[in-house]
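Numbering-wise, the numbering used here puts 134 at position 50 of the sequence shown, and it's gapless, one number per residue.
The structure under discussion appears below in the form of structure tokens.
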Amino acid sequence: EALASAFHDQEEELRILQSLMQDQNIRSRSISEEEDRAMESLNALEIDTHTFGEESHLVTKQCSDVMGEIDALSKVQLSSIPFHIDVDWGEGVRTQTVGRYPTINNLRLAYRVNQKAGLGRKEICAAWNQAAQLITFTSGLNPSFSSSNVRIIPLSYPCAKIVFEGQSVHNLGWEALDGEDESPHVPSLSITLFLALLSELSDHIINSSERNGALHASTSPPFPMTTTSIDSVDVTCLGDTDTASWSSVVFCIAVNLRWLSQLVLPSDVRQVII
């Protein structure tokens with residue numbers, strides 16, 4: 085009986101030891117799994133650290149390149165771009181028989197070609213291109229300005245482009261400088277869109293001047309204009325064959341462009357011929 089009792093006690097201890105061993109094995113496996121996960125996390129962290137180092141190097145290089153470009157751009161004198169606008173005629177100017185037009189950088193700004201005056205598509209496209217550059221340059225001096233639906237692309241060949249509502253593209257001139265199959269005049273819709281952009285830009289400058297308390301008499305353009313009219317002429321009502329009215333509209337645009345250059349551009353940028 086004593087032997088049976090001792091055997092029973094030994095059996096109970098063995099059972100307890102086996103239970104403790106099982107618990108220990110479970111904990112060992114759990115610890116091993118935790119170590120594996122920790123090693124995986126450490127490996128991932130090392131990979132991320134390496135990736136971050138490469139990206140940091142690339143970003144540093146890009147920042148260095150950008151700073152180099154900024155430094156190079158700071159040395160570019162954009163203010164050296166001249167805009168000579170002439171809208172007045174005195175003695176010795178062209179007569180009506182050979183053509184009398186407003187000029188920008190000595191290029192005649194016109195609605196249509198005039199063979200008698202020696203005025204062709206190339207000069208007209210170049211003149212409107214200069215006008216488009218003036219608008220673009222002035223917009224750059226007013227970074228808070230953003231047209232609602234008109235964008236201009238001045239440096240395109242053979243003529244400047246106007247993008248309307250981000251969908252349609254219109255030529256501020258002719259797509260081809262030679263040939264007789266195209267219209268003899270600048271597309272009226274292009275001039276209308278140019279007027280809309282000029283009007284929006286002018287209103288923005290006037291409103292900014294009012295907010296800054298810098299409003300004075302010369303802040304108002306010589307010819308009042310809206311996005312569809314200038315000098316009380318609604319351009320949307322003009323037919324393409326109404327050359328006289330469109331020529332008058334172009335003249336008024338040129339006068340307001342001269343006002344714009346006098347108002348916002350430094351004196352060393354603009355040289356207005358009066």
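A virtual CB, placed ideally from N, CA and C, is assigned to each residue, including glycine.
{"Check": "Test item: CB-CB of L256 and A201 under 8 Å", "Outcome": "no"}
{"Check": "Contact the stretch 188-196 vs the stretch 231-241: 3+ CB pairs below 8 Å", "Outcome": "no"}
{"Check": "For V348, the first and last residue of its enclosing alpha helix (DSSP H)", "Outcome": "327-348"}
{"Check": "Terminal residues of the beta strand (DSSP E) in which R235 lies", "Outcome": "234-237"}
{"Check": "Extent of the continuous beta strand (DSSP E) run through L256", "Outcome": "252-256"}
{"Check": "Near the ligand SAH: A156 beta-carbon under 7 Å from a heavy atom", "Outcome": "Among the ligands in the structure shown, none appear at all, so the ligand SAH cannot be discussed."}
{"Check": "Under the three-state DSSP convention, the category F136 falls into", "Outcome": "helix"}
{"Check": "Cut-off 6 Å between Cβ atoms - residues of its own chain near E249, not counting five sequence neighbours on either side", "Outcome": "N233"}
{"Check": "Inter-stretch contact at 8 Å, needing at least 3 Cβ pairs: the stretch 307-325 / the stretch 267-278", "Outcome": "yes"}
{"Check": "Contact under 8 Å by Cβ, E284 with S231", "Outcome": "yes"}
{"Check": "Beta-carbon spacing of L347, L218 below 8 Å", "Outcome": "no"}
{"Check": "Inter-residue spacing [alpha-carbon to alpha-carbon] between S240 and S316", "Outcome": "32 Å"}
{"Check": "Buried or exposed by the 16-neighbour rule on C-beta atoms within 10 Å, applied to A90", "Outcome": "exposed"}
{"Check": "Cutoff 7 Å; reference E266; Cβ partners in own chain excluding five residues on either side", "Outcome": "W258, A260"}
{"Check": "Distance between R184 and I208 (C-alpha atoms, nearest Å)", "Outcome": "13 Å"}
{"Check": "Start-to-end residues for the beta strand (DSSP E) that takes in F167", "Outcome": "First-last for F167: undefined, no H or E at that position."}
{"Check": "K245 - partner residues in DSSP beta bridges", "Outcome": "I237, N255"}
{"Check": "Helix, strand or coil at R196 according to DSSP, with G and I counted as helix", "Outcome": "strand"}
{"Check": "Identity of the residues DSSP links to H269 by a beta bridge", "Outcome": "R196"}
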